[in-house]
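**Student:** To start, I am sharing the structure in question, which I have written as structure tokens.
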Amino acid sequence: MVLSTATARGVPSSRVVLLKEVDSDGFVFFTNYNSRKSAELEANPYAALAFHWREVSRQVRVVGKVAKVSRAESEAYFATRPRGSQLGAWASAQSSAVGEGALAAAVEDAAKRFEGKDVPCPEHWGGWRLTPFEVEFWAGQPSRLHDRFRYTRAEDGGEWAVDRLAP
Ligand SMILES: Cc1cc2nc3c(=O)[nH]c(=O)nc-3n(C[C@H](O)[C@H](O)[C@H](O)COP(=O)(O)O)c2cc1C
Numbered sequence: 000m001v002l003s004t005a006t007a008r009g010v011p012s013s014r015v016v017l018l019k020e021v022d023s024d025g026f027v028f029f030t031n032y033n034s035r036k037s038a039e040l041e042a043n044p045y046a047a048l049a050f051h052w053r054e055v056s057r058q059v060r061v062v063g064k065v066a067k068v069s070r071a072e073s074e075a076y077f078a079t080r081p082r083g084s085q086l087g088a089w090a091s092a093q094s095s096a097v098g099e100g101a102l103a104a105a106v107e108d109a110a111k112r113f114e115g116k117d118v119p120c121p122e123h124w125g126g127w128r129l130t131p132f133e134v135e136f137w138a139g140q141p142s143r144l145h146d147r148f149r150y151t152r153a154e155d156g157g158e159w160a161v162d163r164l165a166p
């Protein structure tokens, strides 16, 4: 999914992340807590998601507020990740400038440090949960009069209201 965040000043940035979980509490993705996206979310906890399924001409857009998932949740997911990804999470200062060769050296260091042991979840790695207060379902129609339904509710939850939107 595409995740858009913005700085406290409102300067936006977007990137693709893996949607790891979705349920009635929201949409969960995992990342480095020192990354650009996380810094923006710390400063401004509102974010937007976009999904596109070209083959079936569907789009879903989501707007909501984020909070970090529990430590236990991050650790449980981290433990299921391939060892290479786990070492990468220790080695990579995501979103920072990095010298050529420095990353491979950092991965090697991490591999040595945890040789013969399970790789623990770093403090700087974990999940964010976006709790939506706006969700739009867009369905492309051959007539070009595409269907759009927008669900909205209060930021702190409650009943959803639905509107049909002009395409
Ligand atoms: C298909 C795909 C999936 C990705 N999944 C993740 C992810 O789950 N978590 C993550 O931190 N970065 C993921 N990335 C990398 C991000 O797009 C991005 O490069 C990185 O998180 C740094 O973003 P930032 O500097 O804005 O924080 C993925 C990239 C692609 C193309």
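Per numbering that gives the first Met the number 0: the sequence shown = residues 0 to 166.
Quick reminder that beta carbons are idealized off the backbone N, C-alpha and C, glycines included.
This one's a predicted model, so the numbers in the text were calculated from it and none came from an experiment.
(1) For the beta strand (DSSP E) that contains residue 58, what are its first and last residues?
(2) Spatial neighbours of residue 11 within its chain, please: C-beta separation below 8 Å, excluding the five flanking residues on both sides.
(3) Who sits around ligand 1, taking every residue whose Cβ is closer than 5 Å to one of its heavy atoms?
(4) Could you check how far apart the C-beta atoms of residue 86 and residue 106 are, in whole angstroms? I think they sit under 8 Å.
(5) Would you mind stating whether residue 124 and residue 88 have Cβ atoms separated by less than 7 Å?
(6) Measuring straight from C-alpha to C-alpha, what distance separates residue 163 and residue 49?
(7) Quick check on residue 100: buried or exposed, where buried means 16 or more other Cβ atoms within 10 Å of its Cβ?
(8) In the structure shown, what three-state DSSP assignment does residue 1 receive?
(9) Does the Cβ of residue 90 have 16 or more other Cβ atoms within 10 Å, making it buried, or fewer, making it exposed?
(10) Classify residue 77 as buried or exposed, calling it buried when 16 or more other Cβ atoms lie within 10 Å of its own Cβ.
(11) Is there contact here, the segment 44-59 with the segment 106-118, by at least three beta-carbon pairs under 8 Å?
**Tutor:** Taking the structure as given:
(1) Taken as a continuous stretch (DSSP letters only), the beta strand (DSSP E) holding residue 58 covers 57-67.
(2) Around residue 11: 3, 4, 5.
(3) In chain order, the qualifying residues are 14, 15, 16, 17, 30, 34, 35, 36, 94.
(4) About 6 Å separates the two Cβ atoms, so the contact holds.
(5) It is a contact, given that the beta carbons lie within the stated cut-off.
(6) C-alpha separation (whole angstroms): 19 Å.
(7) Result: exposed.
(8) Residue state, collapsed to three classes: strand.
(9) The residue is buried, with at least 16 neighbouring Cβ atoms inside 10 Å.
(10) Residue 77 should be labelled buried.
(11) Not touching, per the Cβ criterion.
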